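Here's the structure we're looking at; comments come further down.
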Amino acid sequence: MRTLSLASLLAVIVVACGSGDDSVFPATDGGAPGDDGSTPPPPPPFQTDGGGAPCPSNVLCGAAAACCAAGQECADGACVAACATGVRCGATCCAQGEVCLSATCTKPGKACQDSFDCEETEFCEPTLSKCLPQPQAGTTCEYKPPVLPFEPIVEWSWTLPTVLPAFDQVINMPVVIDIDGDKIPEVIIVTSENTGGFGDNDPAYVRVLDGKTGKEKWGAAVDAYKPENQVNPRGTPAAAALDATGAVRIVVPKRGGGVLAFRADGSLLWSSTRADGVTAYNGSFYSVAVAIADMNNDGNAEIVLGGVVLDHLGKLVTDTSIGRERWGANDVNYGAVSIIADVDGNPATTEQFVVTGNRAIRRDGTLLWDVSGALSDGYPAISDLDKDGTPELVVVAQGKVRVQNALTGALIEELTMPGSGRGGPPTIADFDNDKVMEIASANGSKYSVFEYDPAATPKLRVKWSVDTQDASSNVTGSSVFDFEGDGSAEVVYNDECYSRVYRGTDGMVLFSVPNSSATIHEYPVLVDVDGDNNTEFVVVANDRNHLLAGLDCGYPAGTAPRHGVFVYGDKNDKWVRTRRLWNQHAYHLTNVQSDGKLPKPEPRSFTVAENNDYRVSQQGKGAFNAPDLRVDLEVSTAPCPTGVELRARVKNAGSLGVAAGVKVRFHEGTSAAGPLLVEKATTRALLPGESEIVSHLVPAASIGAGNFFVTVDGAQGGGTVNECLEDNNSAAIGGVRCPSVK
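Mapping to numbering that gives the first Met the number 0: the sequence shown position 70 is 69, numbers consecutive.
See the structure below:
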């Protein structure tokens, strides 16, 4: 609402003094005092005859405090027919339960947690947690965060366990997902002792932390903390709903071999068996990352480790006599990081396959294609790089980055990576807002981004490369997110010594903090970890960053290695919001729903333009939708002669809801520079089109010249709510008075 001008009117006639009560007076018929036969109070000595005319509706509106007719209210500075639901859409009063988007009354759709739960034309409204139509172009109220200095701050950290306190070292990627259905994510980690080199048979335990506070959620007596349920310290867990119950489970490699699954409360669900469901399966997995998907669309999950498939009950599906546990590895000592994707090229089927660097494997273990005779194994990712409708497989193997035909495995192009070492699992994203996907990977001494152009010679080239230090494993991963929403993604990566954020266009370091790790193939994850609709990134650390003699991180004096979990958020809360989960190492936007359930069938991530990436976090539709707070100031004369009631009608005219607690400030005078009468706040969330009245009683003795001014969330962008318009947050009214009493 634009700020209303004030008019000069007759002197205010004060009828009686009252107390400074801030309560809201109920609306009345506004009858004159004494109508019930009682004697009206005497007027103060400065009253004159011929005061203001009575207003039968008791509603004054607009710059000149015009009297509205019965059944009217003040909207946009004018008297209009009252809207009983409080949801006004232009001249239309929407029905109860509707909202206003694109000047149209709209009924919310199904429940959601993020926009990937909604249809392609919808977004998930976070205040309501329901799907709404994404407003049409040109009608959307949007807020795009300004480009500010990149200033992450630690929101919480976990460094000292309350249970099994010696196990405080973390070297695996954290998993983030809501496992207990309370709408707040949990952080799942594997913790080890600082006594060895994170050997495959060293003891370790899986833990669950509260995503909002970092506090541990399991007590000491849970199954997960029993010695017989120790886990592989080098294994990366995954989490998802495994069956029709929809309950999210944690799946993690077991110490000494095999696989374990835990419930949300830390109790053991199952330990892996062979196909008979009785004989223990203790396959040896070294540094493996678990992947989960519904490969055959029967409503039950498959669990993949390397080239091995288990069913949702933990029973072995594939034959393991030929060493499938190590398929999908860049080096057998650093474990498998295979992926699951639909790569048969048949649009009529939705079967998914286990994909490694040189094989595509059906659920039953038979091979769709096998190029192991020509190409070494490695870490895969998938994308339609050239957008021709056929996906490409990106593989990092033995110091090289490859592009292969995902439907056949055939080599298309290969390039030796800058630097030294093996190279870690690739990330695929648009790093420079050119609408073309780029490839990123780190090795022992460089983090590099590559461009792929099928029409060029060579097809692969280095876009940029920066120095890093990962001499221990040189197979660490990375993740990507467009923090500012400008179309160019930023990289989040940690090597042995530092956790850094790189600018996607050129590799410029935006943020760097000492963060020690012996490294395997871990990487930071990008999520709304605490459910506050702001993005954070989650980093793990351990004290063993100097495993190799002669290497040093070059930390400033007094800087020591650190261990545990560290959550970073934006100092100004300006980062574009994102999803509340990152459920596995092979994460991509279509592999899991926001509630942890698996899609059936899983959409082909490489065929959806906005999802044609890998190990990338997004929010989806409505990422920039914003509220637009406006305010009308009307006056009720119903309390007269005791005083008048200022009524600020706070409205959300934007494209996104706003939470309760928005500040409303009432001033005496013609601007916010006038004396502050009171500060109040809205009491409920306001969806698009909704409004709420916040009121304040001005005693008769304090009416003065009758000029009042109100602001909502501060005027001229001075508030805490990010809006599409910040110059319409105030209103004024002048010449307010009680009707005179003859």
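All residues carry an ideal CB built from backbone N, CA and C; glycine is no exception. As the structure is a computational prediction, the values presented were derived from the model and not from experiment.
Checklist entry - How would you label residue 383, buried or exposed, when you count the other beta carbons within 10 angstroms and need 16 or more for buried? => result Under the 10 Å beta carbon count, residue 383 is surrounded by 16 or more other beta carbons and is classified as buried.
Item to check | beta strand (DSSP E) segment containing residue 695, residue limits | outcome: Residues 690–698.
Next on the checklist: Within a Cβ cutoff of 7 Å, which residues of the same chain sit near residue 421, ignoring the five residues on either side of it in sequence?
Outcome noted: Cβ-Cβ distances below 7 Å link residue 421 to 329, 330, 397, 398, 442, 473 and 474 in the same chain, with the five nearest sequence neighbours on each side left out; the list follows chain order.
Item to check | Stretch-stretch touch, CB-based, cutoff 8 Å, three pairs: the segment 602–618 with the segment 638–657 | outcome: No: fewer than three Cβ pairs fall under 8 Å.
Item to check | Pair within 8 Å by beta-carbon distance, residue 327 and residue 320 | outcome: No. Outside cutoff.
Next on the checklist: Classify residue 300: buried if its beta carbon has 16 or more other beta carbons within 10 angstroms, exposed otherwise.
Outcome noted: In this structure residue 300 is buried. Its beta-carbon is surrounded by 16 or more other beta-carbon atoms within 10 angstroms.
Next on the checklist: Taking 8 Å as the threshold (C-beta atoms), are residue 344 and residue 410 in contact?
Outcome noted: Remark: C-beta atoms of residue 410 and residue 344 do not approach each other more closely than 8 Å.
Checklist entry - Terminal residues of the continuous beta strand (DSSP E) containing residue 463? => result Here the beta strand (DSSP E) through residue 463 covers 459–466.
Checklist entry - If you count every other CB in all the chains shown that lies within 10 Å of the CB of residue 558, and 16 or more means buried, which is it? => result Here residue 558 is exposed, its C-beta having fewer than 16 other C-beta atoms within 10 Å.
Checklist entry - Going by beta carbon distance, what residues of the same chain come within less than 7 Å of residue 721, once the five residues before and after it are set aside? => result Non-local beta-carbon contacts of residue 721 in its own chain, meaning distances under 7 Å to residues more than five positions away in sequence, involve 142 and 625 in chain order.
Checklist entry - What whole-angstrom Cβ distance do residue 519 and residue 233 have, given they're in contact under 8 Å? => result Rounded, the Cβ-Cβ distance is 6 Å, consistent with contact.
Checklist entry - Anyone know if the C-beta pair for residue 627 and residue 662 falls short of 8 Å? => result In this structure, residue 627 lies away from residue 662, with their beta-carbon atoms at least 8 Å apart.
Next on the checklist: Determine whether the beta carbon atoms of residue 618 and residue 128 lie at a separation below 8 Å.
Outcome noted: Their beta carbons are not under 8 Å apart, which means residue 618 does not touch residue 128 by this criterion.
Checklist entry - Looking only at DSSP bridge pairs, what is residue 563 linked to? => result Residue pairing by DSSP places residue 563 opposite 540 in a beta bridge.
Next on the checklist: Between the alpha carbons of residue 499 and residue 493, how many angstroms are there, rounded?
Outcome noted: Between residue 499 and residue 493, the alpha-carbon positions lie close to 6 Å from each other.
Checklist entry - Are the beta-carbon atoms belonging to residue 486 and residue 575 less than 8 Å from one another? => result Cβ distance not < 8 Å, so residue 486 and residue 575 don't count as in contact.
Checklist entry - Who are the near neighbours of residue 216 in its chain, counting only those whose CB is closer than 7 Å to its CB and skipping five residues on each side? => result The beta carbon of residue 216 sits closer than 7 Å to those of 185, 207, 208 and 209, all from its chain and outside the five residues before and after it, given in chain order.
Checklist entry - DSSP beta-bridge partners for residue 236? => result Answer by DSSP bridge pairing: none, since residue 236 is not bridged.
Next on the checklist: DSSP has residue 122 in a bridge; who is on the other side?
Outcome noted: Under the DSSP definition of a beta bridge, residue 122 partners with 131.
Checklist entry - Helix, strand or coil for residue 114 per DSSP? => result In this structure, residue 114 counts as helix in the three-state DSSP scheme.
Checklist entry - How would you call residue 431, buried or exposed, if buried means at least 16 neighbouring beta carbons within 10 angstroms? => result Answer is buried; the Cβ neighbour count reaches 16.
Next on the checklist: Taking the alpha carbon of residue 579 as the reference point, which residue from 561, 524 and 67 has its own alpha carbon closest?
Outcome noted: Selected option, being the one with the closest Cα: 524.
Next on the checklist: Rounding to the nearest angstrom, what Cα-Cα distance links residue 395 and residue 348 in this structure?
Outcome noted: C-alpha of residue 395 to C-alpha of residue 348: approximately 28 Å in a straight line.
Checklist entry - What separation, rounded to the nearest whole angstrom, lies between the Cα atoms of residue 452 and residue 385? => result A direct Cα-Cα distance of roughly 7 Å separates residue 452 from residue 385.
Checklist entry - Which one or two residues does DSSP pair with residue 642 in a beta bridge? => result Checking the DSSP bridge columns, you'll see residue 642 partnered with 698.
Next on the checklist: For a test of the three-state rule: what should DSSP assign to residue 333, helix, strand or coil?
Outcome noted: DSSP places residue 333 in helix when its eight states are reduced to three.
Checklist entry - Which term fits residue 690, buried or exposed, when burial requires 16 or more other beta carbons within 10 angstroms of its beta carbon? => result For residue 690, the number of other beta carbons within 10 angstroms of its own is at least 16, and it is reported as buried.
Checklist entry - Which value, in whole angstroms, describes the spacing of the CA atoms of residue 153 and residue 563? => result Here the C-alpha atom of residue 153 lies approximately 13 Å from the C-alpha atom of residue 563.
Checklist entry - Alpha carbon to alpha carbon, how far is residue 622 from residue 149? => result Across the structure, residue 622 and residue 149 are spaced so that their CA atoms are roughly 19 Å apart.
Item to check | Simplified DSSP state of residue 357, which is helix, strand or coil | outcome: In the structure shown, the three-state DSSP call for residue 357 is coil.
Checklist entry - Looking at C-alpha atoms only, which residue of 604, 160 and 168 is the closest neighbour of residue 392? => result The shortest Cα separation from residue 392 among 604, 160 and 168 belongs to 604.
Item to check | Environment of residue 565 [buried if 16+ CB atoms lie within 10 Å] | outcome: With 16 or more other CB atoms across the displayed protein chains lying within 10 angstroms of its CB, residue 565 is buried.
Checklist entry - From residue 268 to residue 620, what does the alpha carbon distance come to, in whole angstroms? => result Distance between the alpha carbons of residue 268 and residue 620 is about 36 Å.
Checklist entry - Thinking C-alpha only, which one of 71, 597 and 63 is nearest residue 56? => result Cα-wise, what sits closest to residue 56 is 71.
Checklist entry - Taking Cβ positions, are residue 86 and residue 73 nearer each other than 8 Å? => result For the pair residue 86 and residue 73, the CB atoms are not nearer than the 8 Å cut-off.
Checklist entry - Out of curiosity, what's the CA-to-CA distance linking residue 88 and residue 58? => result Between the alpha carbons of residue 88 and residue 58 lies a distance of about 22 Å.
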